[in-house]
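Okay, so here's the structure we're looking at.
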Amino acid sequence: MNYYLLILALIVFQACEKVNTNSSDITPLNLRTEYKVNPVLDILNPRLSWELESEERGQVQTAYEILVASSPELLSAEKADLWKSGKVESNASNQIEYRGKSLNSKIHCFWKVRSWDKNGNPGVWSETASWEMGLLSKDEWQAKWIGNDLTHLGKGKVYHLPPAPFFRKEAVLKSKVKKARLYVSSLGLYEFQINGEKIGEDYFTPGWTDYNKRVYYQTYDISSDLKEGENAFGAILGEGWYAGYLAYALLVRNPIVKNFYGDVPLLKAQIEIEYENGEKEIIVSDETWKTNHGPILEADILNGETYDANLEFGNWSEAGFDDTNWMASQVYPEKAGREIECYPGNPVQVFSELKPVSVKAREGGKYIFDLGQNFAGIVRLKVKGQKGDKITLKFGEALFPDGSLMTENLRMARVTDTYILKGDPEGETWTPRFTYHGFQYVEVEGFKYTPTAVAITGLALTSTTPVIGALETSSEMVNQLYHNIVWTQRNNYFDVPTDCPQRDERLGWTGDAQAYILSATFNSDISAFFTKWMVDLNDAILENDAYPIYAPAPKVRATDTYSPGWSEAGVICPYTIFKTYGDTRMIKEFWPQMLAYLKFMEEKTAENYIYKERSFEDLTPKGGYGDWLSVGAKTPPDLLASIYFAYCAQLMKEMAVAINETDDAGYFADLFEKSKNAFEAYYTDGNGRIRTNAEAYGDGAGYVLEGQTKFSGHSQTAYANAIYMGLLSDENKAIAGQHLADLIAEDGGKLSTGFLGLKPLLPALSETGHSDVAYQLLLNNEYPSWGFEVMNGANTIWERWNSYIKGVGFTNNAGMNSFNHYAFGAVNEWMFGNMAGIKVGEPGYRTFTIRPEIAKDGIDFVNASYHSINGEIGSSWKKDGDKLVFEVKIPVNTKATVTIPANENNTVLLDGEAINECELLEILERAENDLTVMLGSGKYKFEINKN
């Protein structure tokens, strides 16, 4: 018997040894579900993604296997009870739809994956990831909407700001808690507490939507927050976007200035508990919850928060609090047709804390704290004083030359927080809950002593889009520019992509969004963020099927409708998400709306396939917003609309192919050719020079001219867009590129574009062989330029190139002068795509190119990295005497077409060996000044030596 056992043991050992010999180091990591790590979802077939890691160069996945189970213990090939994909022959590692058993509400799904490598050998299983299903039906919501109408308590002639309502409920839990979830939403903003502690780290929940159509909810694991016996639940509500002041409605004297969606903020909360003994219990918001108002006297996103600590309730959200004087909550009916869905975006949280770099005394007992960085957020105040002392905080982005706070650019936004002390001898700490500001400086009044820097701490708030990009160069100015771009994006990606965080606006403008989105993808993972905002944008579509100029779209001004070049965000943004992340679901979801918009715009051409002058005079302003804030020759909006129409047809064709809409693909391919030919026939002289009939616009009354006397087709913006968007033949494109370079030379080597012209400007120069001119614009420090902003102290991107000039002062403060406006940061696209050379090929960077453009002078090295959905891509180059060192990093399961800047007389080494002797690459093309190769995954170091 022992003999046979010994033989069996040897066989098993040899089999295991054989398996180990054929195993691979290919390892899945960074598992995500619907772009998130271990999220809560209400999507029935969520998409799974992973990255791969391997030390072997040229590694690819040839197959994968996914297991999904209802518990970690069942997560094996034998026991997985939800989905066993089996071995799937595919190199796909993202956008993999769950294909298992139907999922019910509240089920917790655990999953893992393994991959087979290029040799057909399996790698190890990944670590376990998970997702949880939320409430999939409105019928599962037992909770009611509850509120406390405090409108009559609002004070003030200009700002009617009622106090914030508080709500509470106590419950006795009869046993030990095994699992508990809080499902919570509000019409307005909420903070939820259990047993005296805030739940979660999120701010400005549940997010901004068209509350008439949908509202989101959050899910929190509160298993460890509950205890056997007495527990207390509490919530505070703010008016937020639902009932507060929005945008410039007050400034333009709109008939409605607040309460755009409703008058009273409401709470809906459902606590579901599973005890260790298997019993379950649900506690819901209803008329049994008590309510009152207390220390938060005012709370408004734009105007600030006022807090009287003397009115605090003490332990109001703890068990045993005496709520005898509190009243019963009022129940409000559900709105018919309004959906309640799981929040799909990235929650707003504290990104970083900023300490003051200086504190300076001012006249009248005021102090100005400089936090060293313009940002969006709030402050944490630490103060000591007597009962009734009042601390007033005002916020600004800049100081006047005399050191006083500049607030004129805030317009009608009050932007003031107030704290009234209760006189605690140990000191008091306060942070607002339901407001935020855009600022670098805080003017504080009311200290009865000289404060130190610890009195104010800045809390930078942003939607938590994961940081995935980095860029550094030898130029301090360019490095500061990149810093400015990143911070401005962070400050404005605040639940929606706002234009600015400081003044009475803060809207999700479509022109800014579409012009900047590709730049944004290099800095942060914006997949979930735009998944949310695309719903907002499509919820706001106008009756004529046009996309609006901002979303969400409360009626803050009657004339705000649509605008060519801006409304195209409805097509350009989903296309960019598709190319960046391989996301076709977004295309499918919004395809009918995109089709309707293109049909509407095609009908506007009157079968001409372009828009002749004055085609959009029905808009306000006439022609729409066009190339907003350009500083040179003004490009006709109809010309730009024609370019965008053709461009969107081209994008629609590509997206139609991706989702197998063959007929639509053919239609848009034909439409693009017709519109391209019509554009060249009407708006060019046939020889690459763009023209327009300027006289057709008369004196331009009603159009956005920004100081220009008339329109011109011969402009930087016209050529940049026509080249970038493929509207010219190859011959005419080259001519147009020369016209563009000549115009820049005529303008003293400076740009003159606005929002729509800036994005394509440097890429168009590079595409037509004028990379040197693109670098000239990047490195320029004279007005107008990015360097000019940096020279004048910018640490964010400004709305105007001359928002502030040292020794001169501010520009147009009372009108529009934001120091935190990301649109002109769209140069980031060129910095990553041309300076570092990283450009997407197949969607999701399954393939891509690295073709850096080496600066002749002004920059000696560039080091860029971008973490794509398939892994980290790296590109760096450095001049070293007569040698250029060029390094690239390519993720597992991808391939890159890499162009090495070397002519036939240069010696090229790869990892120290002659490139011709390397078997790791495939030489694709030898050109006069470069060598193009195909590379698989790995790190590669090229040395190019001049002979």
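Each residue of the sequence shown is one higher than the one before, counting from 11 in this note's numbering.
Just so it is clear, CB atoms sit at the ideal spot from N, CA and C, and this is done for glycine as well.
For the alpha helix (DSSP H) holding lysine 598, just list the boundary residues, first then last.
-> Taking the sequence shown and counting its residues from 1, one reaches residue 598 at position 588. Looking at the DSSP string, the run of the alpha helix (DSSP H) that includes lysine 598 is 595-614.
Close beta carbons around glutamate 238, own chain, < 8 Å, minus the five adjacent residues each side | Translated into the one-based positions of the sequence shown, residue 238 becomes position 228. Hits under 8 Å: Leu183, Lys184, Ser185, Lys186, Val187.
To the nearest angstrom, how far is it from the Cα of lysine 397 to the Cα of leucine 431?
-> Position 387 of the sequence shown, counted from the first residue, corresponds to residue 397. Position 421 of the sequence shown, counted from the first residue, corresponds to residue 431. C-alpha separation (whole angstroms): 5 Å.
Buried versus exposed call for phenylalanine 23 [16 or more other C-beta atoms within 10 Å across all chains shown] = For the purposes of this step, residue 23 is taken as residue 13 along the sequence shown, with counting starting at 1. Its pLDDT being 38, under 50, phenylalanine 23 is placed unreliably in this model, and the value from its coordinates should be taken loosely. Classification for phenylalanine 23: exposed.
Does the beta-carbon distance from tyrosine 252 to tyrosine 271 come in below 7 Å?
-> The residue labelled residue 252 in the question sits at position 242 within the sequence shown. The residue labelled residue 271 in the question sits at position 261 within the sequence shown. Taking 7 Å as the Cβ cut-off, tyrosine 252 and tyrosine 271 qualify as a contacting pair.
CA-to-CA distance, glutamate 664 to tyrosine 657, given in whole angstroms | Stepping through the sequence shown from its first residue, residue 657 is reached at position 647. Stepping through the sequence shown from its first residue, residue 664 is reached at position 654. Approximately 11 Å between the Cα atoms of the pair.
Cβ shell of isoleucine 848 (< 7 Å), same chain only, five flanking positions each side left out = Sequence index remark: in the sequence shown, residue 848 carries index 838 (1-based). The residues are Phe842, Phe858, Ile860, Ala874, Tyr876, Ile883, Ser885.
Less than 7 Å separating the beta-carbons of tyrosine 707 and phenylalanine 721?
-> The residue you call residue 707 lines up with position 697 of the sequence shown. The residue you call residue 721 lines up with position 711 of the sequence shown. Yes, Cβ-Cβ distance for tyrosine 707 and phenylalanine 721 is below 7 Å.
In the DSSP assignment, find the beta strand (DSSP E) that holds cysteine 928 and state where it starts and stops.
-> As a position in the sequence shown, residue 928 is number 918, starting the count at 1. That residue, cysteine 928, is in no beta strand (DSSP E); it is neither H nor E in DSSP.
So the beta strand (DSSP E) tryptophan 126 belongs to, where does it begin and stop?
-> For the purposes of this step, residue 126 is taken as residue 116 along the sequence shown, with counting starting at 1. Tryptophan 126 -> beta strand (DSSP E) spans 118-126.
Give the C-beta separation of tyrosine 45 and valine 78 to the nearest angstrom, bearing in mind that I take them to be a contact with Cβ-Cβ under 8 Å.
-> Residue 45 sits at position 35 when you count from the first residue of the sequence shown. Residue 78 sits at position 68 when you count from the first residue of the sequence shown. In fact, because the Cβ distance is near 18 Å, the residues do not count as touching under 8 Å.
Can you give, in chain order, each stretch of the beta strand (DSSP E) that sits fully within the region 201-284 and has at least 3 residues?
-> 224-231, 239-248
Pair within 7 Å by beta-carbon distance, serine 473 and phenylalanine 539 | Position 463 of the sequence shown, counted from the first residue, corresponds to residue 473. Position 529 of the sequence shown, counted from the first residue, corresponds to residue 539. Yes. Within cutoff.
How should serine 640 be labelled, buried or exposed, when 16 other C-beta atoms within 10 angstroms of its C-beta is the threshold for buried?
-> The sequence position of residue 640 within the sequence shown is 630, counting from 1. With 16 or more other Cβ atoms within 10 Å, it is buried.
Assumed close pair glutamate 61, glycine 881 - CB separation to whole angstroms, cut-off 8 Å = Within the sequence shown, numbered from 1, the residue matching residue 61 stands at position 51. Within the sequence shown, numbered from 1, the residue matching residue 881 stands at position 871. Going by Cβ atoms, the distance from glutamate 61 to glycine 881 rounds to 5 Å, so yes, they are a contact pair.
Hey, could you find the ends of the alpha helix (DSSP H) alanine 190 is sitting in?
-> Residue mapping note: residue 190 aligns to position 180 of the sequence shown, counting from 1. Taken as a continuous stretch (DSSP letters only), alanine 190 belongs to no alpha helix (DSSP H), being part of the beta strand (DSSP E) at 187-197.
Where do the ends of the beta strand (DSSP E) carrying threonine 702 lie?
-> Against the sequence shown, residue 702 aligns to sequence position 692. Looking at the DSSP string, threonine 702 is not in any beta strand (DSSP E), and its letter there is neither H nor E.
Would you identify the three-state DSSP class for asparagine 957, choosing helix, strand or coil?
-> As a working mapping, residue 957 is identified with position 947 in the sequence shown. Coil.
Verify whether the separation of the beta carbon atoms of aspartate 505 and valine 358 is less than 7 Å.
-> Along the sequence shown, read from residue 1 onward, the residue named residue 505 stands at position 495. Along the sequence shown, read from residue 1 onward, the residue named residue 358 stands at position 348. Result yes, Cβ atoms of aspartate 505 and valine 358 sit closer than 7 Å.
Taking the alpha carbon of tyrosine 619 as the point to measure from, which residue in Ala668, Gly575, Tyr692 has its own alpha carbon closest?
-> Counted from its first residue, the sequence shown places residue 619 at position 609. It is Tyr692.
Near leucine 15, what residues of its chain come up, given a Cβ to Cβ distance below 6 Å and the 5 sequence neighbours on each side ignored?
-> If you number the sequence shown from 1, residue 15 lands on position 5. Caution applies to leucine 15, whose pLDDT of 40 falls short of 50 and renders its modelled position unreliable; the model cannot decide the point.
Could you name the residues of the same chain whose beta carbon sits closer than 6 Å to that of phenylalanine 361, not counting the 5 residues immediately before and after it, in chain order?
-> As a first step, residue 361 must be located in the sequence shown, where it is residue number 351. If we look at phenylalanine 361 and ignore the five residues flanking it on each side, its Cβ neighbours are Ala470, Thr472.
For isoleucine 883, the three-state DSSP class (helix, strand or coil) = As a working mapping, residue 883 is identified with position 873 in the sequence shown. In this structure, isoleucine 883 counts as strand in the three-state DSSP scheme.
Under the DSSP definition of a beta bridge, which residues are partnered with methionine 416?
-> Position 406 of the sequence shown, counted from the first residue, corresponds to residue 416. For methionine 416, which the question treats as bridged, DSSP gives the partners Ala408.
CA-to-CA distance, valine 225 to glycine 922, given in whole angstroms = The count along the sequence shown starts at 1 and reaches residue 922 at position 912. The count along the sequence shown starts at 1 and reaches residue 225 at position 215. Roughly 59 Å separates the two Cα atoms.
Environment of proline 411 [buried if 16+ CB atoms lie within 10 Å] = Here residue 411 refers to the residue found at position 401 of the sequence shown. Proline 411 comes out exposed.
Helix, strand or coil for leucine 768 per DSSP?
-> Working through the sequence shown from its first residue, we reach residue 768 at position 758. Reduced to three states, the DSSP call for leucine 768 is helix.
Could you work out which residue in Met416, Leu605, Val274 is closest to glycine 198 when comparing CA atoms only?
-> Indexing the sequence shown from 1 puts residue 198 at position 188. Comparing Cα-Cα distances from glycine 198 to each of Met416, Leu605, Val274, the minimum goes to Val274.
Evaluate contact between the region 209-217 and the region 153-173, counting only Cβ atoms and requiring at least three cross-stretch pairs below 8 Å.
-> no
Span of the alpha helix (DSSP H), counted from its first residue to its last, around proline 175 = Against the sequence shown, residue 175 aligns to sequence position 165. Careful: proline 175 lies outside any alpha helix (DSSP H), inside the beta strand (DSSP E) at 175-183.
Where threonine 917 falls: helix, strand or coil (DSSP) = Here residue 917 refers to the residue found at position 907 of the sequence shown. Reduced to three states, the DSSP call for threonine 917 is strand.
Please state if the CB of alanine 675 and the CB of alanine 668 are separated by a distance shorter than 7 Å.
-> Within the sequence shown, numbered from 1, the residue matching residue 668 stands at position 658. Within the sequence shown, numbered from 1, the residue matching residue 675 stands at position 665. No; because the gap between Cβ atoms is not below 7 Å, this pair is not in contact.
Three-state class that DSSP yields for arginine 500 in the structure shown = On the sequence shown, position 490 is the one that residue 500 refers to. Three-state result, arginine 500: helix.
Proximity to alanine 465 [Cα-Cα], best of Tyr591, Ser368, Phe682 | One-based indexing of the sequence shown puts residue 465 at position 455. Of Tyr591, Ser368, Phe682, the residue nearest in Cα terms is Ser368.
Please classify glutamine 340: does DSSP put it in a helix, a strand, or coil?
-> Taking the first residue of the sequence shown as position 1, residue 340 is located at position 330. The answer is strand: DSSP assigns glutamine 340 an E or B state.
Can the beta-carbon of glycine 157 be found less than 7 Å from the beta-carbon of tyrosine 342?
-> Locating residue 157 in the sequence shown gives position 147, where the first residue counts as 1. Locating residue 342 in the sequence shown gives position 332, where the first residue counts as 1. Contact: yes.
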